[in-house]
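Working notes, structure below.
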Amino acid sequence: MAGHRTIPRRHGRTPAPSPPAPAGVRAPSPEERARPARPGVEHGPPPSEQTVVHPPALGLRDDVIGFLLIIAGVWLFFAPWALGYPFADGANDAHLVETVTGVVVFLVGLGHVLSRARGFFADMLVIASGALLVSAPFVFNYGGEEGLGGARANALAVGVVLILLGLFSFAFGAGARRRRHRELGRSAAGPPR
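With our numbering, the residue at position 168 of the sequence shown is 166, and numbering never jumps.
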């Protein structure tokens, strides 16, 4: 046969058992372990073919934060009617800021619940929305008109909550990303020697 080359087998050597997969990484199936070795890879599929399994606690964290963001978004949307903002220029500014921020926060919360692909941008958007709410009473002068004390208190309280939720989500999301990259890096390099 032209072009066919056989590779001699090394008899008398048994392959070493593959070490257990690190936490969060799917162990290779028997079919994957039976594949011929790839150059530069000692065991298992390459990192591009590995499936990262997120621990349940991280998914629960995303769901809890997502539901809290959804509740905050719905509250911001309906707060002008629930708190009875007066019909004045300051109240219109408060209503506009809270409605737009409420829609943005609601959509980010929905993204937290429905998708695990969110990350840095979503967390920064929540923090920026909270900062906007905290600064809005001073920028738009809610305190200059009578009857807007509730709008000012609502904006400050919900703004602080959004900043804290965004920081919490960012801190734990960054930790999870670092942990995942560390685990994938270890699995690509092979077992420690």
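Every residue gets a Cβ at the ideal spot worked out from N, C-alpha and C, and that includes glycine. Note that the structure is a prediction, hence the values are computed from the model and not measured.
Which class does Asn90 belong to by DSSP, given the choice of helix, strand or coil? Position 92 of the sequence shown holds residue 90. In the structure shown, Asn90 sits in a helix (DSSP, three-state: H, G or I).
Looking at Leu123 and Ala153, is the spacing between their C-beta atoms short of 9 Å? The residue you call residue 153 lines up with position 155 of the sequence shown. The residue you call residue 123 lines up with position 125 of the sequence shown. Contact flag unset, no.
Assign Asp91 to buried or exposed, taking buried as 16 or more other Cβ atoms, counted over all protein chains shown, within 10 Å of its Cβ. Taking the sequence shown and counting its residues from 1, the one referred to as residue 91 is at position 93. With 16 or more Cβ atoms within 10 Å of its Cβ, Asp91 is classed as buried.
Does Ser167 pass the burial test, meaning 16 or more other C-beta atoms within 10 Å, or should it be called exposed? On the sequence shown, position 169 is the one that residue 167 refers to. So Ser167 counts as buried.
By the three-class DSSP mapping on this structure, what secondary structure does Gly71 have? One-based indexing of the sequence shown puts residue 71 at position 73. Looking at Gly71 - three-state DSSP - the assignment turns out to be helix.
Rounded to a whole number of angstroms, what is the C-alpha to C-alpha distance between Val102 and Gly147? Locating residue 102 in the sequence shown gives position 104, where the first residue counts as 1. Locating residue 147 in the sequence shown gives position 149, where the first residue counts as 1. In a straight line, the C-alpha of Val102 is about 24 Å away from that of Gly147.
First and last residue of the uninterrupted alpha helix (DSSP H) at Gly128: Taking the first residue of the sequence shown as 1, we reach residue 128 at position 130. 118 to 137 is the extent of the alpha helix (DSSP H) around Gly128.
Per DSSP, what kind of secondary structure is Ser167 in: helix, strand or coil? Here the question's residue 167 lines up with position 169 in the sequence shown. It is helical.
How long is the line joining the alpha carbons of His110 and Phe119, rounded to whole angstroms? In the sequence shown, the residue the question calls residue 110 occupies position 112. In the sequence shown, the residue the question calls residue 119 occupies position 121. Each residue's Cα considered, the two are about 12 Å apart.
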